[in-house]
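2 protein chains.
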Amino acid sequence: MEIGAVNSLSYEDFVDTFGNVVEKCPIIVAAVWSRRPFASLLDMEVSINEFIEALPESGREGILRCHPDLAGKDLQSGTLTEESREEQGHAGLDTLDAAEIAHMARLNTQYKLRFGFPFVICARMNNKATILRELSERLKNDRAVELACAIEEVKKICHLRLKTLMLHDLPNKL
Amino acid sequence: MEIGAVNSLSYEDFVDTFGNVVEKCPIIVAAVWSRRPFASLLDMEVSINEFIEALPESGREGILRCHPDLAGKDLQSGTLTEESREEQGHAGLDTLDAAEIAHMARLNTQYKLRFGFPFVICARMNNKATILRELSERLKNDRAVELACAIEEVKKICHLRLKTLMLHDLPNKL
């Protein structure tokens, strides 16, 4: 998929295609459509990241609060977005045993009580062991450091979702 | 529903409950959760409006681009959000005849080509006749005036969705 074809999309097709590159935040790509034409996929990704960074702190927290828990109730009940389901599955979070699920839930709860947003990590770049280790480690961060850290993970997730769409899904949608 | 009960909601319950007061933009209430405690429902609504106004222009355009067309393909195919379906139905947009649907579609297309976002109006405060008249009239606005006008409509929709949730749905969800 060439960037020229992306640039020619109506805002409706653009939001339909890229709306979930940041989980449940279609407003972000809907806003970034205003920045066309993009010189490259990287240019588009930079525009998304700049939009995220220009949000007030509460807006960046809001992005995180639109994310599901890892190995949480949305995974158990089948209500994850397609992208999250694939990513959590890729990291092996859909095959945890009961003790592992309970352990993850305890840490997720501690994290949410401490920071007021869920633990977000790029599951495709991790596995069950590294996710649990990072969750325990990042619980020790102070709040400002952790917010920045979590937003960097959002950008990594976005990067991989964009790449996947450009390589695979997009030609079928057009 | 008392504001005290709203203030005691976890971010997850808050986003589950109020996530669509601005159409398909749960990030907005997810961000505004950081502003608790709210003194009143009005105070919460003011916080939402302030968040919207603090967005860059592209972000306000992004909000509009998350809205469906009035009497458009989402209404025809049954893919509107529950709130939009009720509102468009209230204004009689679900009982247009073929000629009226075609007329509305032509005007919607003209509007989107001119402004790069869809025509948004608070359907609950209007009917088929006033919506068609406003659509024709607002097509003549210059872009900055029209963006501001459309965002004021988003706030009216949000106001009525908030009131409905506080009066009816919320006690059942808690």
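These protein sequences, in sequence, are chains A and B. Mapping of the first sequence onto this note's numbering: residues 387 to 560, in sequence order. Mapping of the second sequence onto this note's numbering: residues 387 to 560, in sequence order. We put the beta carbon where it would ideally sit given N, CA and C, even for glycine.
At least one beta carbon of chain A lies nearer than 8 angstroms to the beta carbon of GLU447(B).
The segment 416-423 of chain B makes contact with the segment 433-444 of chain B, as at least three CB pairs between them are under 8 angstroms. Any Cβ of chain A closer than 8 angstroms to the Cβ of CYS452(B) would place that residue at the interface, and such an atom is present. Using a CB distance cut-off of 8 angstroms, TYR497(B) does not count as an interface residue toward chain A. Counting along the chain, ASN494(A) sits inside the alpha helix (DSSP H) bounded by residues 484-501. Distance from the CA atom of ALA530(A) to the CA atom of LEU518(A), rounded to whole angstroms, is 21 angstroms.
In this structure THR467(A) touches ASN406(A) by the C-beta definition: roughly 6 angstroms separates them, less than 8 angstroms. Taking a beta-carbon distance threshold of 8 angstroms, CYS544(A) does not count as an interface residue toward chain B.
Nearest to ILE413(B) by alpha-carbon distance, out of SER444(A), ASP480(A), ARG422(A) and ASP429(A), is SER444(A).
With contacts defined by Cβ atoms closer than 8 angstroms, ALA509(B) and GLU469(B) do not form a contacting pair. Taking every protein chain shown into account, the CB of LEU479(A) has 16 or more other CB atoms within 10 angstroms, so this residue is buried. With at least 16 other beta carbons inside 10 angstroms of its own, PRO504(A) counts as buried.
Excluding residues up to 5 positions away in sequence, CYS508 lie with their Cβ nearer than 6 angstroms to the Cβ of ILE543(B) in the same chain. Note on geometry: alpha-carbon atoms of SER426(A) and ILE389(A) lie some 6 angstroms from one another.
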